[in-house]
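This report refers to the structure that appears directly beneath it.
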Amino acid sequence: MKKILFIACALFSLLSFTSCSEKTYSLRNPVDEIESIEIVFAENSLEFTVTKTLSEEEREAFFEQFQKIEFENYFLGDPMLVNGNSVKITYQNGDYEMICYRWAEYVKNGEIYFVRKHCDEKTFNELINSFLE
3 MKKILFIACA LFSLLSFTSC SEKTYSLRNP VDEIESIEIV FAENSLEFTV
53 TKTLSEEERE AFFEQFQKIE FENYFLGDPM LVNGNSVKIT YQNGDYEMIC
103 YRWAEYVKNG EIYFVRKHCD EKTFNELINS FLE
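In the numbering used here, the protein residues as written are 3 to 135.
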């Protein structure tokens with residue numbers, strides 16, 4: 003019994019430490035396949051209002067700053083929704099990623115796939131707001 007309890011505690015600790023690992027956000031498709039980047043206000047990944055479409059120069063500046071944001075993985079918990087201030091990255095094939103500070107999703111052929119990543123709300127919103135000024 004003690005051995006099983008020890009193994010369960012060790013597995014829980016391992017999951018806890020790996021779920022807190024920080025890294026940059028990895029796009030699902032290559033950068034050269036990006037058609038557009040938009041700042042949107044989202045109800046969810048399928049219903050949103052475009053606030054601003056970034057120009058070529060803004061896209062480069064956006065990626066430079068976006069890659070500095072540290073994202074963490076969700077390994078446990080119920081799926082959430084993308085909503086509020088978000089970034090929509092559309093690829094040439096029509097697929098897109100919707101990213102907000104608390105969750106991200108990849109939409110392929112109208113189907114939503116959970117990305118399960120989140121970042122600091124203040125840092126994310128500062129990035130969004132810097133492109134709306």
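Positions of the beta carbon are idealized from the N, C-alpha and C atoms, including for glycine. As the structure is a computational prediction, the values presented were derived from the model and not from experiment.
Local Cβ density within 10 Å of residue 134, reported as buried at 16 or more and exposed below that: exposed
DSSP-derived helix/strand/coil call for residue 50: strand
Contact under 8 Å by Cβ, residue 52 with residue 40: yes
Whole-angstrom C-beta distance between residue 47 and residue 107, which should lie under 8 Å: 5 Å
Length of the line joining the Cα atoms of residue 128 and residue 103: 11 Å
Beta-carbon proximity of residue 83 to residue 105, cut-off 8 Å: yes
Beta-carbon proximity check, residue 119 vs residue 75, cutoff 8 Å: yes
Through-space distance from residue 131 to residue 70, alpha-carbon basis: 16 Å
Closest residue to residue 111 among 125, 96, 123 (Cα-Cα distance): 96
Residue 113 versus residue 122: straight-line alpha-carbon distance, rounded: 27 Å
Distance CB(residue 64)-CB(residue 26) smaller than 8 Å: no
Length at least 3, wholly inside the stretch 64-105: the beta strand (DSSP E) runs in chain order: 73-75, 86-93, 98-101
Check: residue 107 C-beta below 7 Å from any heavy atom of the ligand MN: Among the ligands in the structure shown, none appear at all, so the ligand MN cannot be discussed.
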